Amino acid sequence: MLRALLRAVSRSLGLEEGEPEAALGMASTLQIFIANLYPRYPDAGAAMGMPAHSDHGLFTLLVENGVGGLQIQHDGSNGIYKSVLHRAVVNGEKTRISVAMANGPSRDVVVESRGCARPAY
C-alpha cells in the first residue's frame with residue numbers, strides 16, 4: 116500500500132516514476148507501529164487522549180475500532196503536502212483503540228528540497 120500511495124503522490128507532483136522510491140531509499144523503508152488505548156472516561160471533556168501533534172515520516176496509515184476521537188486541523192498548510200496537526204480525544208462511553216503504521220525513508224537517507232522551489236518554512 117505504501118508504494119501505491121507513493122506512486123499516486125509522485126504523479127500528482129509530476130515526478131518521474133520510481134524517482135521518489137530511489138531518492139528515499141524505499142528498498143529498506145522505516146516502519147513504526149504504534150498502538151493506542153484510550154479507556155472510556157466519564158468526563159471526556161476534561162481529559163485528552165493524545166495532544167495535538169503531526170506525525171513524522173512519509174505516510175501514516177491508521178486503523179481504528181469505530182469509536183470516534185480523531186480530530187484533524189484542516190486548512191493549516193502552506194505547502195503542497197504537509198503533515199497535518201491532529202489529536203485524539205477520549206470517549207465518555209466507549210474505549211477507543213487505534214493502531215498506526217508510520218512509514219518513512221531509509222534511516223541513512225538525507226531528505227532535502229529538490230531545488231525547484233524555495234522552502235516553505
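Per this note's numbering, numbering through the sequence shown is continuous, rising by one, with the last residue being 236.
The beta-carbon is built from N, C-alpha and C at its ideal position, and this holds for glycine as well.
These numbers come from a predicted model, not from an experiment.
Residue i versus residue j: straight-line alpha-carbon distance, rounded
i    : j    : result
A119 : T144 : 14 angstroms
R211 : Q146 : 23 angstroms
Q188 : E132 : 31 angstroms
A162 : H171 : 25 angstroms
S125 : F148 : 24 angstroms
G140 : Q186 : 32 angstroms
V224 : E134 : 14 angstroms
A142 : G160 : 44 angstroms
S81  : L117 : Given that the chain is displayed from residue 116 to residue 236, the structure contains no residue 81 and the question cannot be resolved.
L121 : A138 : 12 angstroms
Residue i burial status per 10 Å Cβ neighbour count (16 or more: buried)
i    : result
N218 : buried
P220 : buried
S213 : buried
S152 : Before going further, note that residue 152 is Leu rather than Ser in the sequence given. L152 should be labelled exposed.
G164 : buried
G129 : exposed
Counterpart residues of residue i in DSSP-defined beta bridges
i    : result
R211 : Y153
A217 : I147, T175
Nearest residue (CA-CA) to residue i, options the options
i    : options          : result
L176 : G129, A150, K209 : A150
L173 : M216, E134, R126 : M216
P166 : V224, V225, L200 : L200
V182 : K209, A123, S169 : K209
- Task: Evaluate contact between the segment 156 to 175 and the segment 196 to 208, counting only Cβ atoms and requiring at least three cross-stretch pairs below 8 angstroms.
- Result: Touching, yes.
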